[in-house]
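S.K.: In this note's numbering, the protein residues as written are 66 to 508.
This is the structure in structure tokens:
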């Protein structure tokens with residue numbers, strides 16, 4: 066990550082929003098409860114006497130079945146009882162905060178966005194895995210995932226330099242598409258965005274549109290669009306305020322959104338908004354089949370498998386290149402599901418061994434097959450064994466964007482707001498870019 070005056074290093078390392086007042090309050094509270102700042106090292110010791118039992122507080126219901134299966138397998142093989150508690154994504158963080166404050170933290174817990182997790186890391190509730198990952202264990206992960214998991218010295222979240230998470234998932238963005246509903250042949254995918262838009266327009270019924278994207282995901286959509294014209298360094302420079310939002314690359318990116326609108330392919334002529342916008346979009350695709358294509362992150366596949374397990378006729382694909390693009394488009398990327406180890410638990414060494422086992426190729430394969438989770442292991446990603454629902458997302462891993470920073474919080478909010486205004490015809494592209502630059506200047 067970068068120095069405190071700048072944004073942090075990598076999409077995972079921050080999820081990069083400025084620390085809120087609430088987060089600061091939590092940090093102060095957890096610091097006092099933790100009694101020591103900084104992540105614990107792998108040499109942390111606990112009480113290893115007697116029978117070993119480990120607890121895992123799990124944030125993701127999409128991986129719950131696979132995690133329970135693997136925990137049961139490990140218990141039988143090693144004689145160590147693993148208890149998995151899955152309160153769900155809404156209740157996960159409050160429950161973790163309560164456990165930190167009562168000093169009853171689990172042995173292992175799910176990694177979450179870095180802004181929310183930073184207080185736990187600074188309070189010493191996370192083992193620093195950096196030295197372990199520099200050895201053979203690190204070969205289980207793609208270099209990009211390790212890079213995106215790293216807190217560099219001087220990061221703006223104040224987390225001591227290190228790596229506090231181990232991830233069995235890689236996350237990219239792209240399209241989920243039903244060939245029958247869109248007329249897109251999986252064996253002859255559209256070669257350009259223009260070709261895709263034409264296909265979606267032809268499949269649109271009564272002008273209602275067959276494509277949907279959540280307003281909250283428009284920053285990632287625009288960032289992916291912009292990579293047709295901007296290098297990773299140029300995108301990063303914009304996020305850092307060193308390059309202008311008014312450049313042709315960003316202008317062209319928003320023009321692609323306008324092209325979707327003009328072609329009448331955006332469902333109901335607007336972006337889906339509200340607090341649960343992306344679950345609503347996913348429901349319209351997986352369960353209700355109201356739309357034939359959506360922009361989503363790769364974890365959407367596991368959501369679909371859990372909510373509509375019998376629906377397997379869709380595919381994933383990377384967003385096709387812009388016809389007038391100068392570069393091959395690249396998906397934003399970040400580490401996905403993974404684990405944090407509590408060095409102050411009774412059995413930190415055993416917890417580390419369990420997480421190492423969870424992230425081994427054989428177990429990552431179980432996550433991929435049972436939970437439809439895209440692995441982080443390079444060999445599995447390159448094996449050609451990913452399901453058709455994951456393979457398109459997997460194709461985006463090789464060239465995904467790995468940036469040392471991300472969009473500022475207020476700029477991210479402005480994109481979400483202004484993209485909707487653009488689709489509704491309330492704003493022009495020039496007005497959107499002016500607003501984004503103003504938001505950047507105030508950061």
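For each residue, glycine too, the CB sits at the ideal point set by N, CA and C.
Going by DSSP in three states, residue 483 sits in which element: helix, strand or coil?
M.R.: Residue 483: helix per DSSP, three-state reduction.
S.K.: Please state if the CB of residue 360 and the CB of residue 278 are separated by a distance shorter than 7 Å.
M.R.: Yes. Within cutoff.
S.K.: DSSP state of residue 360, grouped into three classes?
M.R.: Three-state result, residue 360: strand.
S.K.: Taking C-alpha atoms, which residue in 235, 268, 363 lies nearest to residue 243?
M.R.: That would be 268, whose Cα lies nearest to the Cα of residue 243.
S.K.: How is residue 471 classed by DSSP in three states: helix, strand or coil?
M.R.: Of the three classes helix, strand and coil, the one that applies to residue 471 here is coil, per DSSP.
S.K.: In chain order, which alpha helix (DSSP H) runs of at least 4 residues are fully inside the stretch 406 to 440?
M.R.: Correct list: 413 to 423, 426 to 436.
S.K.: Is residue 381 helix, strand or coil when you go by DSSP?
M.R.: Here residue 381 sits in strand by DSSP.
S.K.: Evaluate contact between the stretch 308 to 315 and the stretch 354 to 371, counting only Cβ atoms and requiring at least three cross-stretch pairs below 8 Å.
M.R.: At 8 Å Cβ cutoff, the stretches do not touch.
S.K.: For residue 269, which three-state DSSP category applies?
M.R.: Coil at residue 269, not helix or strand.
S.K.: Between the alpha carbons of residue 501 and residue 480, how many angstroms are there, rounded?
M.R.: About 7 Å.
S.K.: Whose C-beta lies closer than 6 Å to the C-beta of residue 507 among residues of the same chain, with five residues either side of it excluded?
M.R.: No residues qualify anywhere along the chain.
S.K.: Select from 338, 390, 364, 475 the residue whose C-alpha is nearest the C-alpha of residue 489.
M.R.: Per the Cα distances, 338.
S.K.: Look at the Cβ atom of residue 145, then the Cβ atom of residue 319, and state whether they are nearer than 7 Å.
M.R.: No, Cβ-Cβ distance for residue 145 and residue 319 is not below 7 Å.
S.K.: Where does residue 447 fall in DSSP's three states?
M.R.: Coil at residue 447, not helix or strand.
S.K.: How should residue 333 be labelled, buried or exposed, when 16 other C-beta atoms within 10 angstroms of its C-beta is the threshold for buried?
M.R.: Classification for residue 333: exposed.
S.K.: Report buried or exposed for residue 388, applying the criterion of at least 16 other Cβ atoms within 10 angstroms of its Cβ.
M.R.: With fewer than 16 Cβ atoms within 10 Å of its Cβ, residue 388 is classed as exposed.
S.K.: With a CB to CB cut of under 7 Å and the five nearest residues on each side skipped, what residues in its chain are close to residue 425?
M.R.: Taken in chain order, the residues that qualify are 205.
S.K.: Since I believe residue 384 is in contact with residue 258 (beta carbons under 8 Å), could you give me their beta-carbon distance rounded to a whole number of angstroms?
M.R.: That belief holds up - the Cβ atoms of residue 258 and residue 384 are roughly 7 Å apart, short of 8 Å.
S.K.: Buried or exposed: which applies to residue 200, given that a residue is buried once 16 or more other Cβ atoms fall within 10 Å of its Cβ?
M.R.: Answer is exposed; the Cβ neighbour count stays below 16.
S.K.: Report yes if the C-beta distance between residue 466 and residue 386 is below 7 Å; otherwise report no.
M.R.: For residue 466 and residue 386, no; Cβs fall outside 7 Å.
S.K.: Would residue 239 and residue 452 be called neighbours here (beta carbons separated by less than 7 Å)?
M.R.: Contact: no.
S.K.: From which residue to which residue does the alpha helix (DSSP H) around residue 177 run?
M.R.: Per DSSP, residue 177 belongs to no alpha helix (DSSP H) and is neither H nor E.
S.K.: Classify residue 83 as helix, strand or coil using the three-state DSSP reduction.
M.R.: Note on residue 83: pLDDT 32, under 50, position unreliable in the model; no value is reported.
S.K.: Please report the straight-line C-alpha distance between residue 421 and residue 157, rounded to a whole angstrom.
M.R.: Cα-Cα distance, rounded: 23 Å.
S.K.: Relative to the C-alpha of residue 454, which candidate in 120, 471, 435, 428 has its C-alpha closest?
M.R.: Per the Cα distances, 435.
S.K.: Hey, how far is the Cα of residue 378 from the Cα of residue 285?
M.R.: Near 25 Å, if we compare the C-alpha coordinates of residue 285 and residue 378.
S.K.: Is the stretch 207 to 215 close to the stretch 167 to 174, with three or more CB pairs under 8 Å?
M.R.: In short, these stretches do not touch, since the Cβ pair count stays below three.
S.K.: Of the residues 148, 445, 302, 458, which one's Cα is nearest the Cα of residue 233?
M.R.: Comparing Cα positions, the closest option is 445.
S.K.: For residue 291, which residues from the same chain have a beta carbon less than 7 Å from its beta carbon, with the 5 sequence-adjacent residues on both sides left out?
M.R.: Closer than 7 Å at Cβ, skipping near neighbours: 300, 314, 315, 318.
S.K.: One question on the structure: do residue 518 and residue 470 come within less than 7 Å of each other, judged by their Cβ atoms?
M.R.: Nothing about residue 518 can be read from this structure; the chain reaches only from 66 to 508.
S.K.: Taking the beta carbon of residue 151 as the centre, do at least 16 other beta carbons fall within 10 Å, making it buried, or is it exposed?
M.R.: Classification of residue 151: buried, given that the 10 Å Cβ count is 16 or more.
S.K.: Measure the alpha-carbon distance for residue 497 versus residue 326 and round it to whole angstroms.
M.R.: Answer to the nearest angstrom: the Cα atoms are 16 Å apart.
S.K.: Just curious, the beta strand (DSSP E) that residue 236 is in, first and last residue?
M.R.: It spans 235 to 242 - the beta strand (DSSP E) in which residue 236 sits, taken as one unbroken run.
S.K.: The alpha helix (DSSP H) spanning residue 346 covers which residue range?
M.R.: 342 to 351 is the extent of the alpha helix (DSSP H) around residue 346.
S.K.: Should residue 197 go down as buried or exposed, given a rule of 16 or more other Cβ atoms within 10 Å for buried?
M.R.: When all chains shown are included, residue 197 counts as buried.
S.K.: For residue 236 and residue 293, what's the separation of their Cα atoms in angstroms?
M.R.: Distance between the alpha carbons of residue 236 and residue 293: 20 Å.
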